[in-house]
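Right, one structure below, let's go through it.
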Amino acid sequence: MQEDLGKTEAALVEARRTHLASLRSRGNDPFAQTRYAVDATCLDLAKQYAVLGPEEKATSEIWHIAGRVMTKRGMGKTVFADVRDRTGRLQIYARKDELGDERFLDWGSIERGDVIGVAGYIFRSKMGELTLHVTDFAVLAKALAPLPDKWSGLQDVEKRYRQRYVDLIVNDDVRDTFIARSTIVAEMRRFIDSHGFLEVETPTLLHVAGGAAARPFMSHVNALDQEMQLRIATELNLKRLIVGGMERVYEIGRIFRNEGIDTTHNPEFTMLELYAAFWDVHDMLDFNEALIAHLVSVVTGGDDKLPHGDGGSISFARPFKRIGYLEGIEQHCGYTREQLLDPAGAAAILEKLGLPKSPTHGHALDKIFEHVLEPHLNDPTFVTDYPVIISPLAKRKADDPDLVDRYELFAAQMELSNAFTELNDPDDQRARFEAQIAERAKGDDEIPEPDWDFVRALEYGMPPTAGIGIGVDRLVMLLTDKQSIRDVILFPLQRQHG
RNA sequence: GCGCCUUUAGCUCAGUCGGUAGAGCAGUAGACUUUUAAUCUAUUGGUCCCGGGUUCGAGUCCCGGAGGGCGCACCA
Numbered sequence: 001m002q003e004d005l006g007k008t009e010a011a012l013v014e015a016r017r018t019h020l021a022s023l024r025s026r027g028n029d030p031f032a033q034t035r036y037a038v039d040a041t042c043l044d045l046a047k048q049y050a051v052l053g054p055e056e057k058a059t060s061e062i063w064h065i066a067g068r069v070m071t072k073r074g075m076g077k078t079v080f081a082d083v084r085d086r087t088g089r090l091q092i093y094a095r096k097d098e099l100g101d102e103r104f105l106d107w108g109s110i111e112r113g114d115v116i117g118v119a120g121y122i123f124r125s126k127m128g129e130l131t132l133h134v135t136d137f138a139v140l141a142k143a144l145a146p147l148p149d150k151w152s153g154l155q156d157v158e159k160r161y162r163q164r165y166v167d168l169i170v171n172d173d174v175r176d177t178f179i180a181r182s183t184i185v186a187e188m189r190r191f192i193d194s195h196g197f198l199e200v201e202t203p204t205l206l207h208v209a210g211g212a213a214a215r216p217f218m219s220h221v222n223a224l225d226q227e228m229q230l231r232i233a234t235e236l237n238l239k240r241l242i243v244g245g246m247e248r249v250y251e252i253g254r255i256f257r258n259e260g261i262d263t264t265h266n267p268e269f270t271m272l273e274l275y276a277a278f279w280d281v282h283d284m285l286d287f288n289e290a291l292i293a294h295l296v297s298v299v300t301g302g303d304d305k306l307p308h309g310d311g312g313s314i315s316f317a318r319p320f321k322r323i324g325y326l327e328g329i330e331q332h333c334g335y336t337r338e339q340l341l342d343p344a345g346a347a348a349i350l351e352k353l354g355l356p357k358s359p360t361h362g363h364a365l366d367k368i369f370e371h372v373l374e375p376h377l378n379d380p381t382f383v384t385d386y387p388v389i390i391s392p393l394a395k396r397k398a399d400d401p402d403l404v405d406r407y408e409l410f411a412a413q414m415e416l417s418n419a420f421t422e423l424n425d426p427d428d429q430r431a432r433f434e435a436q437i438a439e440r441a442k443g444d445d446e447i448p449e450p451d452w453d454f455v456r457a458l459e460y461g462m463p464p465t466a467g468i469g470i471g472v473d474r475l476v477m478l479l480t481d482k483q484s485i486r487d488v489i490l491f492p493l494q495r496q497h498g
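Going by this note's numbering, 228 is the number at position 228 of the first sequence; the sequence numbering is gapless.
Okay, structure coming up:
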């Protein structure tokens, strides 16, 4: 499995192996170490000794830290190095006259990239930097592969994705982004849990992947000798739980869609879906707005403005903007509700806009919306009152049956959430599934086969319920100001080899 | 799927008009007891993404292919 190395790289690895052998020859085998008793992090020490004055020493306390050597500055009989752990960096300082000749030889075999444990006391150097004065140390893992340039880091985008571990070692901003992602998801859970929701897990392997329109990935279950599909949504199973009386449930889970890859699409991505019995779309909109505003506040440290793009920002001050789906299109280009809701009218608009023909009326509406309204949705905006023909799982508005109680939240031209009052009439649901069979027959192969057991579930009675889906990756992109979904997914899909 | 861009040392990057392959960092050897991209001296290191072609001669020009990035298309 070992790849062939270039001569230069092979020589670098060989040099590092020589240092490893040198350590071992003096009885210090880095890979024999199994535990190092760490009692402080870089951040702990930075906080605790922040008040230490210039050249002041705190010799009474010995600390043990562990981390990776990021730079090393030898000065003859002394050495400075920077050690990085999960919390930050700390400079360390070692002297030959204190460690002794033998141990100082070991220091010579420590290189950038090695993982070490060091014990010592804290002082502030002449130049004012907080530093750990080393009294003892251990090499905990030897890096045999050379790290990228200490100053420019790793820039090669392909290598950054394929060898994310190297990216994380040398690029602090990348590490910060993924720390932020974890914080965002944890805070999302905390917020949702505090409203009485239960986190659940539903199957990834399904006989019929439904709940959205997308081509599924196929798999095969040997034990059953049956083809199965990877889920494209968690919606139908979560609503089965609502029927079962769980009332408030959510799942943060991986979704798989066998479609294009670009800066906002990865074949596997993370979605939050949440359902609340006895809520309607308005309750959900309020909850959604509070959740997003909360996350913005957490990320910015209390502000409601997110930095965005080159020097720009987006305000998440509540309330967010609201606009009707049909009204919005009409405002921006004058096409009326009557034209839009008529299949021939919508087709005519497509032609006027110079867009290719759509296989279905619903598809045409989506295209018109994308071209006319979506480019204007930079500030967070709730687009409300979607047509029923593009909302097969949403409940009709009581006073306007062509529309449904649904909204989507947009910001930075990205769809962030999709929510509606759930259809709970089994007869209506059956009729819409039957209509989908017709759409599928017309050539829209992304419309899934109906899940008839879901209709049966509704026949047991689902309370009036509101549901929402939030694309977690895109939300993290927005909150961390990243332009590509690959910058917020640790291991984005890449072609094999390379 | 289509278009544009890109691929040179372990890393970051130069490479002019087609004429012997370059730098910094890293590495190696040496000097240096408060440096911080440490510094100073010396020095090793190349499948120029792959395969063809043109040419006396190709990193450079042409054709084909691969990986990657961006845009379009696709993606409720």
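Idealized CB from N, CA, C, for every residue including glycine.
Bridge partners of residue i, per DSSP?
| i | result |
| --- | --- |
| Asn-418 | Glu-408 and Gly-469 |
| Gly-120 | Trp-63 and Val-134 |
| Ala-503 | In the structure as shown, the chain begins at 1 and stops at 498. Residue 503 is therefore absent and cannot be evaluated. |
| Gln-226 | Val-221 |
| Glu-268 | Phe-256 |
| Leu-205 | Leu-230 |
| Glu-199 | Tyr-250 |
| Lys-482 | For Lys-482, which the question treats as bridged, DSSP gives no partner whatsoever. |
| Val-69 | Val-83 |
| Ala-58 | Ile-122 |
| Val-388 | In DSSP, Val-388 forms no bridge with anything. |
| Leu-403 | Pro-387 |
| Asp-512 | Only positions 1 to 498 of the chain appear in this structure, which leaves residue 512 out of reach. |
| Ala-394 | Glu-422 |
| Thr-8 | According to DSSP, Thr-8 bridges with nothing at all. |
Spatial neighbours of residue i within its chain, please: CB distance less than 8 Å, with the 5 preceding and 5 following residues excluded, ordered by chain position.
| i | result |
| --- | --- |
| Glu-187 | His-294, Leu-295 and Val-298 |
| Glu-434 | Pro-450 |
| Pro-319 | Glu-289 |
| Arg-506 | The structure shown does not extend to residue 506, since the chain spans only 1 to 498, so no value can be given for it. |
| Thr-87 | Thr-41, Cys-42, Leu-43 and Asp-44 |
| Arg-474 | Thr-264, Met-414, Glu-415, Leu-416 and Ile-485 |
| Asp-193 | Glu-199 |
Between residue i and residue j, how many whole angstroms is the CB-CB distance? I'm expecting something under 8 Å.
| i | j | result |
| --- | --- | --- |
| Leu-403 | Pro-387 | 6 Å |
| Leu-205 | Met-228 | 5 Å |
| Ile-349 | Asp-366 | Actually they are not in contact, since the Cβ atoms of Ile-349 and Asp-366 sit about 12 Å apart, beyond 8 Å. |
| Arg-240 | Phe-256 | Not a contact, Cβ separation roughly 20 Å. |
| Ile-184 | Met-462 | Rounded, the Cβ-Cβ distance is 31 Å, inconsistent with contact. |
| Gly-334 | Asp-385 | Gly-334 to Asp-385, Cβ: 18 Å. No contact. |
| Leu-20 | Pro-30 | 7 Å |
| Arg-68 | Gly-113 | 7 Å |
Can you find the residues in the same chain that come closer than 7 Å, C-beta to C-beta, to residue i, ignoring five residues on each side of it along the sequence?
| i | result |
| --- | --- |
| Glu-449 | Val-208 |
| Ala-412 | His-308, Ile-314, Asn-378 and Leu-478 |
| Pro-426 | Val-455, Leu-458 and Glu-459 |
| Ala-364 | Ala-346, Ala-347, Leu-350 and Ser-358 |
| Gly-196 | Arg-248 |
| Thr-530 | A question about residue 530 goes unanswered here, because the residues of the chain that appear run from 1 up to 498. |
| His-361 | Pro-343, Ala-346 and Ile-389 |
| Arg-432 | Pro-392 |
| Arg-440 | Ile-447 |
| Ala-15 | none |
| Ala-138 | Gln-33, Tyr-36, Ile-116 and Gly-117 |
Go through its chain and collect everything with a Cβ distance to residue i's Cβ below 6 Å, but skip five positions before and after it.
| i | result |
| --- | --- |
| Ile-252 | Leu-272 |
| Lys-305 | Ser-313 and Ser-315 |
| Ala-213 | Glu-446 and Ile-447 |
| Ala-11 | none |
| Thr-135 | Ala-119 and Gly-120 |
| Ser-125 | Thr-131 |
| Met-1 | Low confidence applies here, because Met-1 scores a pLDDT of 36, under 50, leaving its location unreliable and the question unanswered by this model. |
| Gly-210 | Leu-236, Pro-448 and Asp-451 |
| Ile-437 | none |
| Lys-150 | Thr-71 |
- Item | the region 276-294 in contact with the region 346-365 per 3-pair CB rule at 8 Å | no
- Entirely enclosed beta strand (DSSP E) segments - the region 299-347, minimum 3 residues: 305-308, 312-315 and 321-324
- Message: Taking contact to mean 3 or more Cβ pairs, one atom from each stretch, closer than 8 Å, check whether the region 272-284 and the region 459-475 are in contact.
- Response: yes
- Query: Curious, which full-length beta strand (DSSP E) runs of at least 3 residues does the region 79-128 contain?
  - Reply: 88-95 and 115-124
- Message: Count Cβ pairs between the region 135-143 and the region 157-166 that sit closer than 8 Å; are there 3 or more?
- Response: no
- Message: Quick check: the region 81-94 against the region 115-132, are at least 3 beta-carbon pairs closer than 8 Å?
- Response: yes
- Task: Indicate whether the contact test is met: 3 or more Cβ pairs, each with one atom in the region 74-81 and one in the region 42-51, closer than 8 Å.
- Result: no
- Counting Cβ pairs, one atom from each stretch, are 3 or more of them under 8 Å apart for the region 216-228 and the region 240-251? no
- Can you give, in chain order, each stretch of the alpha helix (DSSP H) that sits fully within the region 137-176 and has at least 4 residues? 157-162 and 164-170
- Task: Could you tell me whether the region 103-111 touches the region 16-35, where touching means 3 or more Cβ pairs closer than 8 Å?
- Result: yes
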